[in-house]
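Asker: In this note's numbering, the protein residues as written are 130 to 446.
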């Protein structure tokens, strides 16, 4: 039986950006990112890196291209018999870098990921966050232009996740490294990504800037991810509900209080949360729609007058 893990995907990732590929489990995200460095070879289509189709180059040229692409995995993939320094050094050994040049490079990377004091420690002596920092340093060893992150934070707690995302953002800003992140968590994309592609059943169903997708999702997958990312159970929402999305300016307004006064009706809140996107507060509130058509008209008129985005159905079919 043929399985099409990824199909009809066409996208271009810009140099220097942080690009997210998001979707629920089984969407084809990991297969797609492994196609980018040909760990998985596409049965059809092309993969271009710096204007070169990697599907057509020799094995030697492919190895050279892969040295410009570091990769970080969910389960760290460290060599247990090697200490931190030796794990970071491994790509340099493969690349044929001489010992004299390796040492200053490793010291620089240890300082970057804040693990200088753990240089001689083994993976079994490290926390999950420290292991991922070693993996990041290893991915940077050959001075790549791109880092591919396959669910790099899904095995970590929220606080450690934030520290790893902050580190990746720092690497992007200070070194100009392009970063591609695979995640099933909308919060991860909101914290770090410039643009995201949304995948469902092997296909790219939506593409755009994080802010625009949060405020104006066009696909059911994006809507469900936005709701679940805010702790709102999309599948549990009634059909007659309204999702209200707003930016930092409108988030300071006592919206529900004003709606209650404006309509003369009690507003039932089904869920709410705020997110930090690009250093700016964004939020969403899901309310139950009234049965009264006149009250619904008043709610929509109130939101229209203030330029606040909303959509019926809570984003679920």
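Glycine is no exception: its CB is placed at the ideal position from the N, C-alpha and C atoms.
Please read all numbers here as calculations on a predicted model, not as lab measurements.
Look at the Cβ atom of residue 157, then the Cβ atom of residue 331, and state whether they are nearer than 8 Å.
Answerer: Counting from one through the chain shown, the residue named residue 157 turns up at place 28. Counting from one through the chain shown, the residue named residue 331 turns up at place 202. Yes.
Asker: For the alpha helix (DSSP H) holding residue 401, just list the boundary residues, first then last.
Answerer: Against the chain shown, residue 401 aligns to sequence position 272. First-last for residue 401: 398-406, but that is the beta strand (DSSP E), not the alpha helix (DSSP H).
Asker: Can you list the alpha helix (DSSP H) stretches of 4 or more residues lying completely in the stretch 323-358, in chain order?
Answerer: Correct list: 339-344 and 349-358.
Asker: If you reduce the DSSP assignment to three classes, tell me which class residue 443 lands in.
Answerer: Counting from one through the chain shown, the residue named residue 443 turns up at place 314. In this prediction, residue 443 scores a pLDDT of 48, lower than 50, which makes its location untrustworthy; the coordinate-derived value is nonetheless stated afterwards. Helix.
Asker: What does the Cβ neighbour count give for residue 181, buried or exposed, with the cut at 16 atoms within 10 Å?
Answerer: By 1-based counting over the chain shown, the position of residue 181 is 52. It counts as exposed.
Asker: With a threshold of 8 Å, are at least 3 pairs of Cβ atoms found where one atom belongs to the stretch 264-278 and the other to the stretch 228-244?
Answerer: Short answer: they touch.
Asker: DSSP has residue 410 in a bridge; who is on the other side?
Answerer: Counting from 1 along the chain shown, the entry for residue 410 is found at position 281. 405, per the DSSP bridge assignment.
Asker: Along the chain, where does the alpha helix (DSSP H) containing residue 272 start, and where does it finish?
Answerer: Position 143 of the chain shown, counting from 1, holds the residue named residue 272. Note, residue 272: premise wrong, no alpha helix (DSSP H); not H, not E.
Asker: To which residues of the same chain is residue 443 closer than 6 Å at the C-beta, ignoring the five residues directly before and after it?
Answerer: Mapped onto the chain shown, residue 443 falls at position 314. Unreliable placement is indicated for residue 443, whose pLDDT of 48 sits below 50; the coordinate value is still reported in the next sentence. Same-chain partners within the cutoff: 366, 370, 372 and 415.
Asker: In terms of alpha-carbon separation, which member of 153, 423, 401 and 141 lies closest to residue 178?
Answerer: The residue given as residue 178 occupies position 49 in the chain shown. Residue 178 has its Cα closest to that of 141, out of 153, 423, 401 and 141.
Asker: If you follow the alpha helix (DSSP H) that residue 245 is part of, which residue opens it and which one closes it?
Answerer: Looking up residue 245 in the chain shown gives position 116. That residue, residue 245, is in no alpha helix (DSSP H); it is neither H nor E in DSSP.
Asker: If you compare alpha carbons, which of 411, 374 and 420 is closest to residue 395?
Answerer: Mapped onto the chain shown, residue 395 falls at position 266. That would be 420, whose Cα lies nearest to the Cα of residue 395.
Asker: State the start and end residues of the unbroken alpha helix (DSSP H) segment that holds residue 211.
Answerer: Here residue 211 is taken as the residue at index 82 of the chain shown, counted from 1. First-last for residue 211: undefined, no H or E at that position.
Asker: In this structure, does DSSP put residue 257 in helix, strand or coil?
Answerer: On the chain shown, position 128 is the one that residue 257 refers to. Helix, per DSSP.
Asker: Do you know offhand how far residue 393's Cα is from residue 345's?
Answerer: Here residue 393 refers to the residue found at position 264 when the chain shown is read from its first residue. Here residue 345 refers to the residue found at position 216 when the chain shown is read from its first residue. Their Cα atoms are separated by approximately 28 Å.
Asker: Using the C-alpha atoms, what's the distance from residue 383 back to residue 439?
Answerer: Your numbering for residue 439 matches position 310 in the chain shown. Your numbering for residue 383 matches position 254 in the chain shown. Cα to Cα, residue 439 sits roughly 16 Å from residue 383.
Asker: Once the 5 residues before and after residue 160 are set aside, which same chain residues still bring their CB inside 7 Å of it?
Answerer: Sequence index remark: in the chain shown, residue 160 carries index 31 (1-based). Around residue 160: 134, 135 and 169.
Asker: I'd like the list of long-range same chain contacts for residue 249, defined as Cβ closer than 6 Å, with 5 residues on each side in sequence excluded.
Answerer: Mapped onto the chain shown, residue 249 falls at position 120. Contacts found: 212.
Asker: Mind checking residue 426: buried by the 16 CB within 10 Å criterion, or exposed?
Answerer: Residue 426 sits at position 297 when you count from the first residue of the chain shown. Label assigned to residue 426: exposed.
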